[in-house]
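Asks: Following my numbering, the numbering of the first sequence begins with 33 at its first residue and continues without gaps.
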Amino acid sequence: MSDQKRLFLVDAYALIFRGYYAFIKNPRINSKGEDTSAIMGFMNSLLDVIKRERPDHLGVCFDKGGSADRVEMFEAYKANRDETPEGIKTAIPHIHNILKAMHIPIMVKEGYEADDVIGTLSRQAEKEGYKTYMVTPDKDFAQLVTDNIFMYRPVFGGGYETWGIPEVQKKFEVTDPLQVIDFLGMMGDSSDNIPGLPGVGEKTAKKFIAQFGSMEGLLANTDQLKGKMKEKVEANGELGLLSKKLATIMLDVPVTFDAKDFELDHPNIEAVKQIFQDLEFRRLTENFLKTFAGNGETAPTETSVAPAETKTTPKPTSSAGAGQFSLFGNEEEDTAEVVSEYTRKTSETAPHFYQYINTPSSKRLFIKSLLQQPSVCFDTETTGLNPLTAELVGIAFSWETGKGFYLPFPEDKNESQNLIEDLRPFFENENIEKIGQNLKYDIKVLAKYNIDVKGKLFDTMLAHYLINPDMRHNMDVLAETYLNYTPISITELIGKKGKNQLSMREVDLEKQTEYAVEDADITLQLKEHFQNELGEANTQKLFDDIEIPLLRVLAAMEIEGINLDKKFLNSLSEDLNNDITNLEKKIYDAAGEEFNIASPKQLGVILFEKLKLVDKPKKTKTGQYATSEDILSYLAKEHEIIQNILDFRGLSKLKSTYVDALPKQVEESTGRVHTDYMQTVAATGRLSSNNPNLQNIPIRTERGRQVRKAFVPRNEDYTLLAADYSQIELRIIAALSKEKTMIEAFKNGEDIHASTASKVFNIPINEVSREQRSNAKTVNFGIIYGVSAFGLSNQTNLSRSESKELIDTYYATYPQLRNYISEQVDFARDNGYVQTVLGRRRYLKDINSRNAVVRGAAERNAVNAPIQGSAADIIKIAMINIYNKLNEGDFKTKMLLQVHDELVFDVYKPELETIKTLVKTEMENAYKLEVPLDVDLDIGDNWLEAH
DNA sequence: TGCAATGCATA
DNA sequence: GTATGCATTGCAA
Numbered sequence: 033m034s035d036q037k038r039l040f041l042v043d044a045y046a047l048i049f050r051g052y053y054a055f056i057k058n059p060r061i062n063s064k065g066e067d068t069s070a071i072m073g074f075m076n077s078l079l080d081v082i083k084r085e086r087p088d089h090l091g092v093c094f095d096k097g098g099s100a101d102r103v104e105m106f107e108a109y110k111a112n113r114d115e116t117p118e119g120i121k122t123a124i125p126h127i128h129n130i131l132k133a134m135h136i137p138i139m140v141k142e143g144y145e146a147d148d149v150i151g152t153l154s155r156q157a158e159k160e161g162y163k164t165y166m167v168t169p170d171k172d173f174a175q176l177v178t179d180n181i182f183m184y185r186p187v188f189g190g191g192y193e194t195w196g197i198p199e200v201q202k203k204f205e206v207t208d209p210l211q212v213i214d215f216l217g218m219m220g221d222s223s224d225n226i227p228g229l230p231g232v233g234e235k236t237a238k239k240f241i242a243q244f245g246s247m248e249g250l251l252a253n254t255d256q257l258k259g260k261m262k263e264k265v266e267a268n269g270e271l272g273l274l275s276k277k278l279a280t281i282m283l284d285v286p287v288t289f290d291a292k293d294f295e296l297d298h299p300n301i302e303a304v305k306q307i308f309q310d311l312e313f314r315r316l317t318e319n320f321l322k323t324f325a326g327n328g329e330t331a332p333t334e335t336s337v338a339p340a341e342t343k344t345t346p347k348p349t350s351s352a353g354a355g356q357f358s359l360f361g362n363e364e365e366d367t368a369e370v371v372s373e374y375t376r377k378t379s380e381t382a383p384h385f386y387q388y389i390n391t392p393s394s395k396r397l398f399i400k401s402l403l404q405q406p407s408v409c410f411d412t413e414t415t416g417l418n419p420l421t422a423e424l425v426g427i428a429f430s431w432e433t434g435k436g437f438y439l440p441f442p443e444d445k446n447e448s449q450n451l452i453e454d455l456r457p458f459f460e461n462e463n464i465e466k467i468g469q470n471l472k473y474d475i476k477v478l479a480k481y482n483i484d485v486k487g488k489l490f491d492t493m494l495a496h497y498l499i500n501p502d503m504r505h506n507m508d509v510l511a512e513t514y515l516n517y518t519p520i521s522i523t524e525l526i527g528k529k530g531k532n533q534l535s536m537r538e539v540d541l542e543k544q545t546e547y548a549v550e551d552a553d554i555t556l557q558l559k560e561h562f563q564n565e566l567g568e569a570n571t572q573k574l575f576d577d578i579e580i581p582l583l584r585v586l587a588a589m590e591i592e593g594i595n596l597d598k599k600f601l602n603s604l605s606e607d608l609n610n611d612i613t614n615l616e617k618k619i620y621d622a623a624g625e626e627f628n629i630a631s632p633k634q635l636g637v638i639l640f641e642k643l644k645l646v647d648k649p650k651k652t653k654t655g656q657y658a659t660s661e662d663i664l665s666y667l668a669k670e671h672e673i674i675q676n677i678l679d680f681r682g683l684s685k686l687k688s689t690y691v692d693a694l695p696k697q698v699e700e701s702t703g704r705v706h707t708d709y710m711q712t713v714a715a716t717g718r719l720s721s722n723n724p725n726l727q728n729i730p731i732r733t734e735r736g737r738q739v740r741k742a743f744v745p746r747n748e749d750y751t752l753l754a755a756d757y758s759q760i761e762l763r764i765i766a767a768l769s770k771e772k773t774m775i776e777a778f779k780n781g782e783d784i785h786a787s788t789a790s791k792v793f794n795i796p797i798n799e800v801s802r803e804q805r806s807n808a809k810t811v812n813f814g815i816i817y818g819v820s821a822f823g824l825s826n827q828t829n830l831s832r833s834e835s836k837e838l839i840d841t842y843y844a845t846y847p848q849l850r851n852y853i854s855e856q857v858d859f860a861r862d863n864g865y866v867q868t869v870l871g872r873r874r875y876l877k878d879i880n881s882r883n884a885v886v887r888g889a890a891e892r893n894a895v896n897a898p899i900q901g902s903a904a905d906i907i908k909i910a911m912i913n914i915y916n917k918l919n920e921g922d923f924k925t926k927m928l929l930q931v932h933d934e935l936v937f938d939v940y941k942p943e944l945e946t947i948k949t950l951v952k953t954e955m956e957n958a959y960k961l962e963v964p965l966d967v968d969l970d971i972g973d974n975w976l977e978a979h
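This is the structure in structure tokens:
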């Protein structure tokens, strides 16, 4: 290091925010309830810098009142910043006091940001021969870097890096640090609300800088750009220049650098100690004393100080007197055996008392108390996500906000089973309400331990799904939205998934307790919140009568799984492989060389450069040749190779998505495929299926439908039964719209598409041509989706005007249908939502949008959601009723799958006739409409035959 | 390694 | 035109 004098200018807020958020998961709270995270974080950084660098000149700069100039230029500047957190606001006066006691100058200038103050001072200091180090993590400062001005950046995980000109050149790919301004102006900065150029991100900005040197250079040479980018940049030149101005740090703040103001003086040790003591900083006090020992003239030998106090282990506030927080009420026995107690505060919530239970007597007390509760929230912790293989690690319980218990489970199977037996009286008690988040999971886990969860259920995930189906429903989101509370993240506990992820069992008991009971506690609080809202949205019945009972039905279906003929799929895979290889050969022959057909890049070169199939081939936005399905189909007549390529793609898809993927999904422990039904993802009320998705097994093409042959009954004594609603959505729209003509057609059992064609084209039903029926069918479906003439002409061989005419005659034929559609849209406009026959709502916030495209989409939703959703409601009712009948009758037959309008059963052959009647009756009578519901039944030795 | 975009399977 | 899930690709981290 040279003898040149060195000035360190600290960007206070940047370090304060950084320090504050470093502790966000475990805020430092002292006994007075003050959140000292920000102070702690900032002081750690400051002492760290002093200790490492021993600066002779030092100042700390604060913002004050924001940047008046920038706001004047651009109203939205920094407008989307969240309110400064309370923990930071309260920290500022303390930090000021500490700095004063340390005799460190505080630089503030009303109406200017710290950036500007630091920029101005550093330039002045440079003239006086100083080297300036700007202490900040903020990349914006890179624009200030010169031969004598550096950034001194804290890096993640501790330590610092110094950025001089070479580092800035490398990081930003610029030749001059001043170009950082152009760079920031182009890509924008969402945290400061600097707009930047639309469509330009980091990569493009770097490219532009390399190509044009500056924002002005870019704007002057837009002729060198192409496509969308050219349009966007040209249209937003003004915005670009403004963004550049906003990103520019000012160098003319009215401040004067006077070296003696910044000399690092001896701190008033006693005063600092006193402040630290008041704040209850112990390690920091030691750190401070060490840093300034001997007036700082004998520099400590250590080269780095680990960011102190970042360990996450919570400290029990006391080890004695555990009984004082006991939830056991007036039990006479001691509760000292409740070993752990942990108190956690956040700024928003009251203290939490979470206890784990691992002694016989505390367990006895706990269970006694548990059984006296009318309503309990619980949450199971397991070794994995698959409930069929996961083992219990513990169960958390809570029945009072902020309090709860955790019962850890031993690894040994027998011991674990013994422990769960102690809880059987609770879980199987009909009179205790069980509350949980995604109870289907817990019920499935407990089922593996032969526990049948009985009594009333309240699932917060399902409740929220009904309250707001368009949102997501995971607990973290719900807690943040409704309770203003951030739960401990699972990642924090067990690590990122992959290499070093722990199992829940490997986590310390205290942390398990903290995490698990917090979940139960929060879920309980969410329940309080949601149960009122359900009433307000009028969805209480839907919750009690449909979604909650369905949860048990789905759990049973998922546990049951379906038998899969792996051998069959393997042979199918070989067949496909042969065909694919043959196609490959043909393609290579035609191409004259071997290449990767799956790579669009290589394929493009072959088709358009080598074979020159087209004069001027289309390119994608990335500059590749376009080889998508529609383009290739269009070219199919040009060359035989094209059809082969299309076939190759189709077969590869079939093979990878179904034929090869399904056998891998067979659960080893059961030998069956267990899909997971998601009850809360489809905004309309439908279920969805995943891991694997059994709701999209091919059926349309001959080749694809072969996959269905692999779904087979459990053994020779069983057969598969598929029961599907015929035209349920059209029946629903006919009934809801009270369209007499269509209702009559259904009542008479007519072929509805032929019937529609006959009326629309005004010909007898038996003279309807194939094409006419097909067009009528397309319109019938189109109505359900909210047709447009444009969409229709895309689907049929009709022109746009023919399509329009067809739609017009269609509406003339079914006038009530048209009325119904406009009524739905009106209802949505007035109420902001539409609803199904059972009152399931879908909110349509865009229904009054001024943007016609956005509004149009909402209008189509207004038509479709009640139809699709009512069909979903109806089949859900049927499922619940059938499930109950199967249980009551002690049938061996099981319901296995649901595919929106179809149910699949594994039928015990002797029960076949009874089951056929039962299923058909329950499905057809699940809900009374003015139109009869009709169910087709088919049986077979596999899912294809049963169709 | 994780993400969005694309393409395609179903109702 | 509605509603989903998943495999692959290509790009960003």
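All residues carry an ideal CB built from backbone N, CA and C; glycine is no exception. Remember, predicted model here, so these are calculated numbers, not experimental data.
1) Looking at C-beta atoms only, is the number of pairs between the region 939-946 and the region 748-765 that lie closer than 8 Å three or more?
2) So, is P230 buried or exposed, given that buried needs 16 or more other C-beta atoms within 10 angstroms?
3) So, at 6 Å on beta carbons, what are the nonlocal neighbours of F289 in its own chain, with the 5 sequence-adjacent residues on each side left out?
4) For Y852, count the other beta carbons within 10 Å of its own beta carbon; 16 or more makes it buried, fewer makes it exposed. Which is it?
5) How would you call I56, buried or exposed, if buried means at least 16 neighbouring beta carbons within 10 angstroms?
6) Can you check which of these residues, T168, F859, L439 and M72, is closest to E542 by C-alpha distance?
7) Could you say if the region 856-868 and the region 803-815 meet the contact criterion of at least three C-beta pairs nearer than 8 Å?
8) Taking its Cβ as the centre, do 16 or more other Cβ atoms sit within 10 Å of F680, making it buried, or is it exposed?
9) Among E977, N919 and V713, which has the Cα closest to the Cα of R584?
10) Please state whether DSSP places R861 in a helix, a strand or coil.
11) Straight-line CA distance for A338 to V509?
12) Ends of the beta strand (DSSP E) at N807?
13) Out of T414, L762 and M536, which one is the CA nearest neighbour of K480?
14) Distance check for V42 and L90, CA to CA, integer angstroms please.
15) Assuming I499 and L566 form a contact by the criterion Cβ under 8 Å, report the distance between their Cβ atoms to the nearest whole angstrom.
16) Please state the DSSP three-state secondary structure of G269.
17) Give a yes or no on whether the C-beta atoms belonging to G272 and M218 are separated by under 8 Å.
18) Could you tell me the distance, in whole angstroms, from the CA atom of R892 to the CA atom of Q848?
19) Compute the distance between the beta-carbons of I775 and A767, then report whether it is under 8 Å.
20) So, at 7 Å on beta carbons, what are the nonlocal neighbours of D284 in its own chain, with the 5 sequence-adjacent residues on each side left out?
21) K573 bridges to which residues according to DSSP?
22) Would you report the Cα separation of T773 and Y959, rounded to the nearest angstrom?
23) Thinking just about the alpha-carbon of each residue, which of Y865, L316 and V869 is nearest to the one in V879?
24) Taking Cβ to Cβ, would you say A495 is nearer than 8 Å to Y915?
25) Is there contact here, the region 550-559 with the region 668-686, by at least three beta-carbon pairs under 8 Å?
26) Suppose you measure from the CA of V980 to the CA of P501; what does that come to, to the nearest Å?
27) Let's see if you can read the secondary structure: which residues bound the alpha helix (DSSP H) around L131?
28) Identify the continuous alpha helix (DSSP H) that holds H496 and give its terminal residues.
29) Only counting the same chain, and skipping five residues up and downstream in sequence, which positions put a Cβ closer than 8 Å to that of Y473?
30) From N482 to E524, what distance separates their C-alpha atoms?
31) Can you tell me the Cα-Cα spacing of L274 and D905, whole angstroms?
32) Report the residue ranges of all beta strand (DSSP E) runs contained in full by the region 190-247; include only those spanning at least 3 residues, in chain order.
33) Please state if the CB of L604 and the CB of Q405 are separated by a distance shorter than 8 Å.
34) In the region 700-750, which residue ranges form an unbroken alpha helix (DSSP H) of at least 4 residues, counting only runs that do not cross its ends?
35) At what residues does the beta strand (DSSP E) containing A428 begin and finish?
36) With DSSP run on the structure shown, which of helix, strand or coil describes E107?
Replies: Concretely, from the data shown:
1) yes
2) Indexing the first sequence from 1 puts residue 230 at position 198. Burial call: exposed.
3) Position 257 of the first sequence holds residue 289. If we look at F289 and ignore the five residues flanking it on each side, its Cβ neighbours are L153, Q156 and A157.
4) Along the first sequence, one-based indexing puts residue 852 at 820. The residue in question, Y852, is buried, as its Cβ has 16 or more Cβ neighbours within 10 Å.
5) As a first step, residue 56 is located in the first sequence; it is residue number 24 there, counting from the start. Exposed, by the Cβ-count rule.
6) Mapped onto the first sequence, residue 542 falls at position 510. Closest option to E542, Cα to Cα, is L439.
7) no
8) One-based indexing of the first sequence puts residue 680 at position 648. So F680 counts as buried.
9) For the purposes of this step, residue 584 is taken as the residue at position 552 of the first sequence. With distances taken between Cα atoms, R584 lies closest to N919.
10) Within the first sequence, residue 861 is the residue found at index 829, counting from 1. R861 falls in the helix class under three-state DSSP.
11) Position 306 of the first sequence, counted from the first residue, corresponds to residue 338. Position 477 of the first sequence, counted from the first residue, corresponds to residue 509. Below a pLDDT of 50, predicted positions are generally treated as unreliable, and A338, at 31, falls in that range; no measurement from the model is reported.
12) Position 775 of the first sequence, counted from the start, is the residue given in the question as residue 807. Counting along the chain, N807 falls outside any beta strand (DSSP E), though it belongs to the alpha helix (DSSP H) covering R802 to Y817.
13) Residue 480 sits at position 448 when you count from the first residue of the first sequence. Measuring from the Cα of K480, the nearest candidate turns out to be T414.
14) Start at 1 with the first residue of the first sequence, and residue 90 comes out as number 58. Start at 1 with the first residue of the first sequence, and residue 42 comes out as number 10. Approximately 8 Å between the Cα atoms of the pair.
15) Numbered from 1 along the first sequence, position 467 holds the residue referred to as residue 499. Numbered from 1 along the first sequence, position 534 holds the residue referred to as residue 566. At roughly 7 Å, the Cβ-Cβ gap stays under 8 Å, so I499 and L566 are in contact.
16) One-based indexing of the first sequence puts residue 269 at position 237. It is helical.
17) For this step, residue 272 is matched to residue 240 along the first sequence. For this step, residue 218 is matched to residue 186 along the first sequence. Yes, these two residues count as a Cβ contact at 8 Å.
18) Taking the first sequence and counting its residues from 1, the one referred to as residue 892 is at position 860. Taking the first sequence and counting its residues from 1, the one referred to as residue 848 is at position 816. Cα to Cα, R892 sits roughly 17 Å from Q848.
19) In the first sequence, residue 775 corresponds to position 743, counting from 1. In the first sequence, residue 767 corresponds to position 735, counting from 1. Contact flag set, yes.
20) Along the first sequence, one-based indexing puts residue 284 at 252. Hits under 7 Å: T152.
21) Within the first sequence, numbered from 1, the residue matching residue 573 stands at position 541. Partner(s): none; K573 has no beta bridge.
22) Within the first sequence, numbered from 1, the residue matching residue 773 stands at position 741. Within the first sequence, numbered from 1, the residue matching residue 959 stands at position 927. Roughly 21 Å between the two C-alpha positions.
23) Looking up residue 879 in the first sequence gives position 847. The sequence given here has Ile at residue 879, not Val. Nearest C-alpha to I879: Y865.
24) What you label residue 495 is simply residue 463 of the first sequence in a count that begins at 1. What you label residue 915 is simply residue 883 of the first sequence in a count that begins at 1. Their beta carbons are not under 8 Å apart, which means A495 does not touch Y915 by this criterion.
25) Not touching, per the Cβ criterion.
26) Outside the displayed span of the chain (33 to 979) sits residue 980, for which this structure offers no information.
27) Counting from 1 along the first sequence, the entry for residue 131 is found at position 99. Segment A123 to A133, the alpha helix (DSSP H) holding L131.
28) Translated into the one-based positions of the first sequence, residue 496 becomes position 464. Run containing H496: T492 to I499, per the alpha helix (DSSP H) assignment.
29) In the first sequence, the residue the question calls residue 473 occupies position 441. The answer, listed in chain order, is T412 and P419.
30) Numbered from its first residue, the first sequence carries residue 482 at position 450. Numbered from its first residue, the first sequence carries residue 524 at position 492. If you draw a straight line from the Cα of N482 to the Cα of E524, it is about 32 Å long.
31) As a position in the first sequence, residue 274 is number 242, starting the count at 1. As a position in the first sequence, residue 905 is number 873, starting the count at 1. Taking the straight line from one Cα to the other gives about 53 Å.
32) 192-195
33) Indexing the first sequence from 1 puts residue 405 at position 373. Indexing the first sequence from 1 puts residue 604 at position 572. Judged by beta-carbon spacing, L604 lies beyond the 8 Å limit of Q405, meaning their Cβ atoms are not closer than that value.
34) 734-737
35) As a working note, residue 428 is residue 396 in the first sequence. First-last of the beta strand (DSSP E) with A428: L424 to E432.
36) Against the first sequence, residue 107 aligns to sequence position 75. E107 falls in the coil class under three-state DSSP.
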